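Q: Residue numbering for the sequence shown follows this note's numbering, beginning at 3 and increasing consecutively. By construction, the Cβ of each residue, glycine as well, lies at the ideal position given by its N, Cα and C atoms. Given the structure is predicted, the values throughout are model-derived calculations rather than measurements. Shown below is the structure under consideration.
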Amino acid sequence: MDMRSKARTLSGPVSDPAKLPRWNYDGSSTGQAAGEDSEVILYPQVIFRDPFRRGNHHLLVMCDAYTPAGDPIPTNKRHAAANIFGQIEAEEPLFGIEQEYTLLWKDSNRPLGWPLGGYPGPQGPYYCGIGADKAFGREIVDAHYNACLYAGVNISGINAEVMPGQAMREEEGGYELIKKAIHKLQLRHADHIAAYGEGNERRLTGGHETAEINTFSWGVADRGASIRVGRKTEKEGRGYFEDRRPSSNMDPYVVTSMIAHTTLLWEQP
Numbered sequence: 003m004d005m006r007s008k009a010r011t012l013s014g015p016v017s018d019p020a021k022l023p024r025w026n027y028d029g030s031s032t033g034q035a036a037g038e039d040s041e042v043i044l045y046p047q048v049i050f051r052d053p054f055r056r057g058n059h060h061l062l063v064m065c066d067a068y069t070p071a072g073d074p075i076p077t078n079k080r081h082a083a084a085n086i087f088g089q090i091e092a093e094e095p096l097f098g099i100e101q102e103y104t105l106l107w108k109d110s111n112r113p114l115g116w117p118l119g120g121y122p123g124p125q126g127p128y129y130c131g132i133g134a135d136k137a138f139g140r141e142i143v144d145a146h147y148n149a150c151l152y153a154g155v156n157i158s159g160i161n162a163e164v165m166p167g168q169a170m171r172e173e174e175g176g177y178e179l180i181k182k183a184i185h186k187l188q189l190r191h192a193d194h195i196a197a198y199g200e201g202n203e204r205r206l207t208g209g210h211e212t213a214e215i216n217t218f219s220w221g222v223a224d225r226g227a228s229i230r231v232g233r234k235t236e237k238e239g240r241g242y243f244e245d246r247r248p249s250s251n252m253d254p255y256v257v258t259s260m261i262a263h264t265t266l267l268w269e270q271p
């Protein structure tokens with residue numbers, strides 16, 4: 003999901019996004035509007051403390067983008083997601099997204115911690131590893147974690163992943179309802195795959211703890227399945243399930259709203 007930003011000075015402190023002024027930007031320079039009608043309007047939606055400009059009055063404001071007529075522009079995926087979640091507010095759906103990423107050297111595009119002219123040793127010591135020879139770039143990951151906590155982002159944690167230079171960050175219902183939800187996801191597998199991120203066919207090969215992209219499967223504690231159900235969920239008859247198909251470059255508004263729509267609103271033909 004591509005992000006852009008602007009900075010603005012206000013006459014006094016603000017804590018309610020509804021009291022922030024709307025702003026605009028040149029949509030023709032971002033490929034979101036024609037040059038002869040280039041204004042895109044920013045609607046403030048949520049306020050965080052700014053982790054880059056630290057201080058009591060510095061804010062980070064997330065906005066939606068609209069046309070001057072008040073219509074969401076095509077890349078405003080949050081608008082459609084808000085409509086879906088508005089229909090199921092009583093269900094209180096809860097999502098936890100594991101955002102995996104790999105740290106790369108700027109000049110070579112090689113993962114941080116990989117030896118020059120070669121490859122790292124086999125996985126094993128890197129997952130949740132500690133130490134300078136295992137947790138490469140930990141100071142960057144910790145800085146990211148602290149920035150999120152300072153801003154007020156609801157981030158639950160971080161850990162090093164199964165290869166050098168890779169990291170990720172991190173709830174209940176009846177077990178029978180979970181299985182019904184998984185069945186619905188199976189019926190719409192192709193639709194979900196199409197929306198789960200670009201280049202996913204390179205990752206979902208059926209190896210390396212992934213399911214094959216064209217085949218849907220689910221299992222308890224199975225990291226090679228499309229959907230993984232935890233042992234605790236199976237044992238207690240309630241809990242969460244994990245959709246392992248989305249790519250790290252997926253749009254969270256598209257993916258979470260699609261899962262919510264399929265499992266809670268979509269009626270099987």
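Can you tell me which of L44, T264, W116, L12 puts its alpha carbon nearest to the alpha carbon of A183?
A: Shortest Cα-Cα distance from A183 to any of L44, T264, W116, L12 involves T264.
Q: Hey, out of Q47, Y147, R55, whose CA is closest to N78's CA?
A: Q47
Q: List the residues that DSSP assigns as beta-bridge partners of L61.
A: R51
Q: Note down the Cα distance separating R246 from A227, rounded to an integer number of angstroms.
A: 7 Å
Q: Distance, Cα to Cα, G126 vs G37?
A: 53 Å
Q: Just curious, the alpha helix (DSSP H) that D193 is in, first and last residue?
A: 191-197
Q: Can you grab the Cα-Cα spacing for the pair G119 / S110, in whole Å?
A: Spanning the two alpha carbons is a distance of roughly 11 Å.
Q: Please determine, among K237, Y147, L189, the residue with the shortest C-alpha to C-alpha distance to T217.
A: If we check each option's Cα against that of T217, L189 comes out closest.
Q: Does the ligand SAH have even one heavy atom less than 7 Å from the beta-carbon of Y152?
A: The model on display carries no ligand, and the ligand SAH is accordingly not part of it.
Q: In terms of residue numbering, what span does the alpha helix (DSSP H) encompassing A262 cover?
A: From DSSP, the alpha helix (DSSP H) with A262 extends over 254-262.
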